[in-house]
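Here is the structure we will look at.
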Amino acid sequence: MLMAKARTVTGLDLQASTGENARLIAQTRLDELYGWERYVDNPYHIRELHNMRIAAKRLRYTLEIFAEELPESVAPLLKEVEQIQEELGSLHDSDVVIALLRLCLGAQDGGSGYEYVLAHARQLKKKADFLVNPALIAYVLDPAAAPSADERHGLEALLQDLHKRRGSQYTAFRKHWNRLNKRNFRQELLDALAGPAQQ
Amino acid sequence: MQMQDGSVRAAIDVGSNTIHIVVARCAPADLAILADEQELVRIGESVTATGEISAQKRDDAIATLTNYKELAACYTNTPLIVVATEAIRRARNSQQFLAAVKRETGLDILIIDGEVEALLTFYGATYELYREPHAPALVGVLDLGGGSMELVLANRKRITWHTSVPVGSGWLHDRYLQSDPSTQEDQEVARTFLSTYFTGMPLPELPPALIATGGSANSLLLLARRAIGLDEQETRLTYEQVVRCEALLSDLDAETISERYDQPLKRARILPAGALIIHALMLRLQLGEIRVSTHGIREGALLAYARYGDRWLQRVKKNAGGADDDAPAEESQVSEEQDGSFAQTGYRLLLERTHKMLEWREEVLKHEDIEAVHKMRVASRRLRAVLDAYEAACDAKQFRRVYRRVKEIADILGEARDTDVMVEGLQQRLEREEEKARPGIQWLIDRLSAYREAHQVKLEAFLRKLDDETLAQQMASLRAKGNAHGKG
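These protein sequences, in sequence, are chains A and B.
Here this note's numbering is used: the first residue of the first sequence is 26, the next is one more, and so on.
Here this note's numbering is used: the first residue of the second sequence is -11, the next is one more, and so on.
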């Protein structure tokens, strides 16, 4: 799946301290994360939630890479960013397997709209916007290795179970996000970034 | 002689590796050394590990400073000059450290910046050379400390260029050479890092003579005397002698180096890193030999005091800004990059992150543990985060090329990792699922595993073709715009 490109940070001063610039970068990455907030309430905005995960990851890495240069008060808030990234990561992992299973089971039904993917998967560009890598789809769905009836039965059970699991993963993420909003986490992190520099 | 009329003064340098005192009778252009001692406290070790000066390091430093205060009192009752450099500059708790030292010893420590450090080192390291009748016109001075190195170029005693680089022997050891003895692979990674870093370091000219100072350079000279029969009076080290010393050190653990060559154990641990740095810099400067001086920042501070009096630090700061009395402002250049500036940190981070990513390549090729792919992919993501942060500071064309390359690496690793995650998740499910679901899960695991094996072949071919040197050089090339002063 295509990732949203990181925003270019403007206003950097190459000869200023790393700390000053790191704050600007972190603020940009924080804005980037909150740019996806409007999708939080819809569990099926899979692509946007995935992009939100990437934005959380970028913010996390920025805070880690420049940890020594940012105010000390930033460090405790990093854990929340990590948790958001992990929650969205689990959600994405489930989404990928669910999509793959739907393709598997749909393909076995025949004529269910997956023909195009099946027929063209090997030719599709890797960077195309697919939740599941087309090369992997083509490999897994090789008609020569189609699942038996028992195996299909098992895959159906797995798909149902994954749907339930995905639901609870989403609920956990959303609850966490709402908790963060209640305490105004965004402002909290902005305030921490504006705090006194480390000596 | 003027020296006999000079006042006696003591200067202490609190460095990343050592705390060093010199007591001397001082004149503006000469010193008569009366006492010279150093203690290897390695404050930089705890700063590199945790970002702070640990309580143990603080107490060790206070004990050493207390002893030095007593030593200085045997010669003079003038106030001590105490300066601190990279480790204290970097430590988050440096202010608490200064307060504790003040409380326990009454000493005021001055934290000096990289430029002042470079100038003081130059004054200290060259005053003996300039007493010689045929001193070379163009001279370079290297002060190799634990946390950073200062490099100064001077023409006819006028400083023409200087820079502070955040790479020191303690730092290199802590980042790259932690096993004891270090492995061949670690040494190779450290060499590649240094070579790439120094290749990308812009130099206005190559000095025909280099004076190296600092603990590692002096310990290397001692090692050469003890291990390869260098004359006791000789202060020059040839390239071949440096290479021989480096080879000796590379196979030995710190305890053996310490015992065999009579080096303090803490110094023995970081000496191989110091030798690697000196070797790499000699290659960069195309030098057949270096001179080693025991003098540096402390002697420089004493000379500056003798020259400028109580306002010595302000005058040196002014000189660092290009207004040296010995060098007209129009002939003096300020450092290419400010110590700790965003441009300089970025350059270092890019190289470090590139090496960290490439470190995992062999493990990925072994294909024994799925964690190796995960680690290498995370490292590639962190490298991309650094690239994203520095995009505005880089040449746009070079940046796009490097970014594309790193993305390719991340993508191919990503395909492997995503499949590993699916297989791992399904395997865990297989153990706890009801009987009816198992055949389906096993079928999917088999299909994914077969795909993963096929992808491994592709991944290995890609990684074997990946040229570390080229990638590191491409990273180094991003520096072009990063050198420019002004807004990014």
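Idealized CB from N, CA, C, for every residue including glycine.
Nearest neighbour of residue i, chosen from the options [CA to CA]
| i | options | result |
| --- | --- | --- |
| B/Ala72 | B/Arg30, B/Thr64 and B/Ala113 | B/Arg30 |
| B/Val(-4) | B/Met410, B/Ser281, B/Tyr293 and B/Ile147 | B/Tyr293 |
| B/Asp239 | B/Pro196, B/Ser170, B/Glu228 and B/Gln430 | B/Ser170 |
| A/Thr43 | A/Phe91, A/Glu112 and A/Tyr64 | A/Phe91 |
| B/Glu457 | B/Ala23, B/Arg179, B/Arg163 and B/Tyr56 | B/Arg179 |
| A/Arg199 | A/Phe155, A/Gln212, A/Glu89 and A/Tyr64 | A/Tyr64 |
| B/Tyr115 | B/Leu338, B/Asp18 and B/Arg435 | B/Asp18 |
| B/Arg407 | A/Ala41, A/Ile109 and A/Ser119 | Note that residue 407 of chain B is Thr in the sequence shown here, rather than Arg. Of the candidates A/Ala41, A/Ile109 and A/Ser119, the one whose C-alpha sits nearest the C-alpha of B/Thr407 is A/Ser119. |
| B/Val374 | A/Glu45, A/Asp66, A/Arg83 and A/Gly60 | A/Arg83 |
| A/Ala219 | A/Ser98, A/Gln40 and A/Leu183 | A/Ser98 |
| A/Gln212 | A/Glu111, A/Pro168 and A/Leu102 | A/Leu102 |
| B/Asp174 | B/Tyr118, B/Glu347 and B/Leu271 | B/Glu347 |
| A/Ala174 | B/Arg369, B/Arg426 and B/Ile285 | B/Arg426 |
| B/Gly202 | B/Glu247, B/Ile147, B/Ala263 and B/Phe85 | B/Ala263 |
| B/Val304 | B/Ala12, B/Ile147 and B/Glu74 | B/Ile147 |
| B/Lys145 | B/Glu92, B/Gly128 and B/Gly158 | B/Gly128 |
| B/Leu132 | B/Gln415, B/Leu436 and B/Gly284 | B/Gly284 |
Exposure of residue i, with buried meaning 16 or more beta-carbon neighbours within 10 Å
| i | result |
| --- | --- |
| B/Val231 | exposed |
| B/Cys62 | exposed |
| B/Ala360 | buried |
| A/Val122 | buried |
| B/Asn5 | buried |
| A/His75 | buried |
| A/Ser193 | exposed |
| A/Lys104 | exposed |
| B/His150 | buried |
| B/Ser204 | buried |
| A/Lys189 | exposed |
| B/Leu206 | Sequence check: residue 206 of chain B is Asn here, not Leu. Result: buried. |
| B/Gly334 | buried |
| B/Asn65 | exposed |
| A/Ala146 | Residue placement at A/Ala146 is flagged as unreliable, the pLDDT there being 49, under the threshold of 50; a coordinate-derived value is accordingly withheld. |
| A/Arg85 | buried |
| B/Asp162 | buried |
DSSP beta-bridge partners of residue i
| i | result |
| --- | --- |
| B/Ala12 | B/Arg(-3) and B/Ile21 |
| B/Trp149 | B/Leu141 |
| B/Arg279 | B/Ile199 and B/Arg224 |
| B/Gln83 | Beta-bridge pairing links B/Gln83 to no other residue. |
| B/Ala72 | B/Val2 and B/Ile99 |
| A/Leu84 | In DSSP, A/Leu84 forms no bridge with anything. |
| B/Glu27 | B/Ile7 |
| B/Leu126 | B/Asn143 |
| B/Leu132 | B/Met137 |
Nearest-angstrom beta carbon gap, residue j and residue i [assumed within contact, 8 angstroms]
| i | j | result |
| --- | --- | --- |
| B/Ala380 | A/Val34 | 6 angstroms |
| B/Gly134 | B/Gly32 | 4 angstroms |
| B/Gly156 | B/Ser136 | 5 angstroms |
| A/Leu130 | A/Arg191 | Contact flag wrong, Cβ pair sits at about 16 angstroms. |
| B/Leu130 | B/Leu198 | 6 angstroms |
| B/Leu489 | B/Cys14 | Residue coverage of chain B in this structure runs from -11 to 476, which leaves residue 489 of chain B outside it and unanswerable. |
| B/Arg349 | B/Leu451 | 5 angstroms |
| B/Ala23 | B/Ile69 | The Cβ separation is near 14 angstroms, so there is no contact. |
| B/Val89 | B/Thr109 | Actually they are not in contact, since the Cβ atoms of B/Val89 and B/Thr109 sit about 22 angstroms apart, beyond 8 angstroms. |
| A/Asp38 | B/Phe330 | 7 angstroms |
| B/Ala87 | B/Glu40 | Actually they do not touch by this definition, with Cβ atoms about 14 angstroms apart. |
Inter-residue spacing [alpha-carbon to alpha-carbon] between residue i and residue j
| i | j | result |
| --- | --- | --- |
| B/Leu182 | B/Lys344 | 14 angstroms |
| B/Pro252 | B/Ile258 | 10 angstroms |
| A/Leu126 | B/Asp383 | 45 angstroms |
| A/Arg48 | A/Leu95 | 7 angstroms |
| B/Arg341 | A/Tyr69 | 36 angstroms |
| B/Lys306 | B/Ile358 | 56 angstroms |
| B/Ala123 | B/Glu287 | 19 angstroms |
| A/Ser115 | A/Leu55 | 21 angstroms |
| B/Pro121 | B/Arg336 | 41 angstroms |
| B/Ile245 | B/Ser167 | 14 angstroms |
| B/Ala449 | B/Ser82 | 49 angstroms |
| B/Thr38 | B/Glu422 | 48 angstroms |
| A/Leu215 | B/Gly413 | 37 angstroms |
| B/Ala20 | B/Thr223 | 19 angstroms |
| B/Pro260 | B/Leu225 | 16 angstroms |
| A/Gly135 | A/Asn46 | At A/Gly135 the pLDDT is 42, less than 50, meaning the model places this residue with poor confidence; the figure from the coordinates comes in the next sentence. Those two C-alpha atoms are separated by around 56 angstroms. |
Proximity test, residue i beta-carbon vs the ligand ADP heavy atom, cut-off 8 angstroms
| i | result |
| --- | --- |
| B/Leu95 | For the structure depicted, the ligand ADP is absent and the ligand set is empty, with no information on it obtainable. |
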